[in-house]
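Heads up, the sequence shown is in the working numbering, so the first residue is -16 and it goes up one at a time. Presented below is the structure to which this report refers.
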Amino acid sequence: MKTIAIIGSGTWGCALAVALSQNGHMVKMWSYTASECENINQNRHCKYLDGVTLNQNISAYTDFEETIQDTDYVFHITPSKAFRENLKRYKTFLTNQPVIICSKGIEESTSMTLGEVFEEETGQKHYGILSGPSHAEEVARGIPTTLVIASQQAEIRKEIREILQSDLMKIYESEDTKGVALGGAFKNIIAFSAGIANALQLGDNTVAALITRGLAEIANLGVAMGAQKETFYGLSGLGDVLVTSMSPYSRNRKAGILIGQGKSIEETKQEVGMTIESMDNIRTVYQLAQKHQIRMPIVNCAYDILYNGLAPQKAVLHLMQVPNDKE
-16 MKTIAIIGSG
-6 TWGCALAVAL
4 SQNGHMVKMW
14 SYTASECENI
24 NQNRHCKYLD
34 GVTLNQNISA
44 YTDFEETIQD
54 TDYVFHITPS
64 KAFRENLKRY
74 KTFLTNQPVI
84 ICSKGIEEST
94 SMTLGEVFEE
104 ETGQKHYGIL
114 SGPSHAEEVA
124 RGIPTTLVIA
134 SQQAEIRKEI
144 REILQSDLMK
154 IYESEDTKGV
164 ALGGAFKNII
174 AFSAGIANAL
184 QLGDNTVAAL
194 ITRGLAEIAN
204 LGVAMGAQKE
214 TFYGLSGLGD
224 VLVTSMSPYS
234 RNRKAGILIG
244 QGKSIEETKQ
254 EVGMTIESMD
264 NIRTVYQLAQ
274 KHQIRMPIVN
284 CAYDILYNGL
294 APQKAVLHLM
304 QVPNDKE
């Protein structure tokens, strides 16, 4: 059995803690606040996972060094916009533990994947990317789930599969760290757009078209950035797009619904109450599309709705009039 550090005590951090602890591993969680640590240590409860009791082999701390010392792996699960800041704070406490990046997003200021940020900050490639269609609420309740671990090191892929896999969780392996990272980041924008379509009551035909063509857009951009195209039709691409676009658990879909109903960006963030990666990353993806000269009409419309005052109804008409790509 292993001892695992989890950086971040939100829904996904707690859900993975539950899965790891049920496999018999010791889990040490880092949290931003002492009150959340008390909630975990004393009440055995995660703030955003009602009805889920945390096992006794899960403990929480506010100190990075105390969390990371004597651990075998570090799972990083904070919002992507805070990834570099938190990594800077704990990287000196790492010994030889691989870091498994579970956050999904792109660093806005540099347009780098979180794996690239890790390499820049640490000067090494001793890490993995964990992604796939996995709502925290369902993982914590023991709903069967499949994930993919991507790493350029076979040993990391093998060990993560062994410590996470169970009768309720199946782990696949990939060497395409960039593709798995980008799939997890880009899919949020498609889910956000699907939420807008839902708010406009456009129906299943429209949402299916949006998901299909949106996936083609993000795959084309991913390939231009050095990823493998087939990765986007696997768990971290198609799988994650589907679950995030259609589920009531999805924060990104909910954000799209609220924007489609006429809410402002600030009203939407306040009502959702948690990090909305799509709204944090859409400007970056829009700029990447321009940089790599990739046509992304769905992403462009989502960007214009958020930042240029485009009415969602007009965005629909615009998309229907865009010249066709090949199917």
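The beta-carbon is built from N, C-alpha and C at its ideal position, and this holds for glycine as well. No experiment lies behind these values; they were computed from the predicted model shown.
Determine whether the beta carbon atoms of residue i and residue j lie at a separation below 8 Å.
i, j, result
"Gly178", "Gly243", "yes"
"Thr54", "Ala(-12)", "yes"
"Ala210", "Lys161", "yes"
"Trp311", "Gly(-9)", "Look at the range of the chain in this structure, -16 to 310, and you will see that residue 311 is not part of it."
"Leu218", "Val131", "yes"
"Ser94", "Thr(-14)", "no"
"Ile60", "Leu37", "no"
"Ile146", "Leu(-1)", "no"
"Ile288", "Arg196", "no"
"Phe175", "Leu198", "no"
"Gly106", "Ile84", "no"
"Ser228", "Ile194", "yes"
"Tyr44", "Cys29", "no"
"Ile259", "Ala285", "no"
"Met279", "Glu200", "yes"
"Glu158", "Gln135", "yes"
Where does residue i sit, in a helix, a strand or coil, going by DSSP?
i, result
"Val255", "helix"
"Ser219", "helix"
"Glu103", "helix"
"His28", "strand"
From the DSSP output, which residues share a beta bridge with residue i?
i, result
"Gly7", "Answer by DSSP bridge pairing: none, since Gly7 is not bridged."
"Val57", "Ala(-12) and Val82"
"Lys396", "No information on residue 396 is available, as it lies outside the stretch -16 to 310 that the chain covers here."
"Tyr44", "Trp13"
"Glu90", "Met95"
"Gly111", "Ile83"
"Thr312", "Nothing about residue 312 can be reported from this structure: the residues present for the chain run from -16 to 310 only."
Which residues in the same chain have their Cβ closer than 7 Å to the Cβ of residue i, if we skip the five residues on either side of it in sequence?
i, result
"Lys237", "Gly178 and Val255"
"Arg293", "What sits at residue 293 in the sequence shown is Leu, not Arg. Counting only Cβ-Cβ distances below 7 Å, and skipping sequence neighbours, we find Cys284 and Asp287."
"Glu102", "Lys108"
"Arg144", "Ile132, Ile154 and Glu156"
Looking only at its own chain, which residues have a Cβ that is under 6 Å from the Cβ of residue i, when we skip the five neighbours before and after it?
i, result
"Met(-16)", "Gly7 and His8"
"Arg67", "Val100"
"Val190", "Ala177 and Ala180"
"Ile277", "Asn203, Leu204 and Ala207"
"Val1", "Ala123"
"Asn119", "Inspection of the sequence shows that residue 119 is occupied by Ala rather than by Asn. Counting only Cβ-Cβ distances below 6 Å, and skipping sequence neighbours, we find Thr(-6), Trp(-5) and Ala(-2)."
With 8 Å as the threshold, decide whether the Cβ of residue i is near any Cβ in chain D.
i, result
"Tyr110", "Protein chain content of the structure displayed is limited to a single chain, and chain D is not contained in it."
With a CB to CB cut of under 8 Å and the five nearest residues on each side skipped, what residues in its chain are close to residue i?
i, result
"Gln52", "Phe76"
"Ile240", "Gly178, Ile179, Asn181 and Ala182"
"Asp263", "Pro62, Ser63, Lys64, Gly88 and Glu91"
Notebook entry, point to check: Within the chosen definition, does the stretch 23 to 41 reach the stretch 171 to 189 through at least 3 CB pairs nearer than 8 Å?
Noted result: Taking one beta carbon from each stretch, the stretch 23 to 41 and the stretch 171 to 189 have fewer than 3 pairs nearer than 8 Å; the two do not touch.
Note to self: Three or more C-beta pairs under 8 Å: does that hold for the stretch 148 to 166 against the stretch 200 to 213?
What the structure shows: With a cut-off of 8 Å, the stretch 200 to 213 and the stretch 148 to 166 count as touching, because enough Cβ pairs lie within range.
Notebook entry, point to check: Hey, is the stretch 109 to 119 in contact with the stretch 88 to 95, meaning 3+ C-beta pairs nearer than 8 Å?
Noted result: Too few Cβ pairs lie closer than 8 Å, so no.
Notebook entry, point to check: Between the stretch 40 to 57 and the stretch 222 to 232, are three or more C-beta pairs nearer than 8 Å?
Noted result: Not touching, per the Cβ criterion.
Check: Does the pairing of the stretch 145 to 162 with the stretch 122 to 136 give three or more beta-carbon distances under 8 Å?
Finding: Yes, the stretch 145 to 162 is in contact with the stretch 122 to 136.
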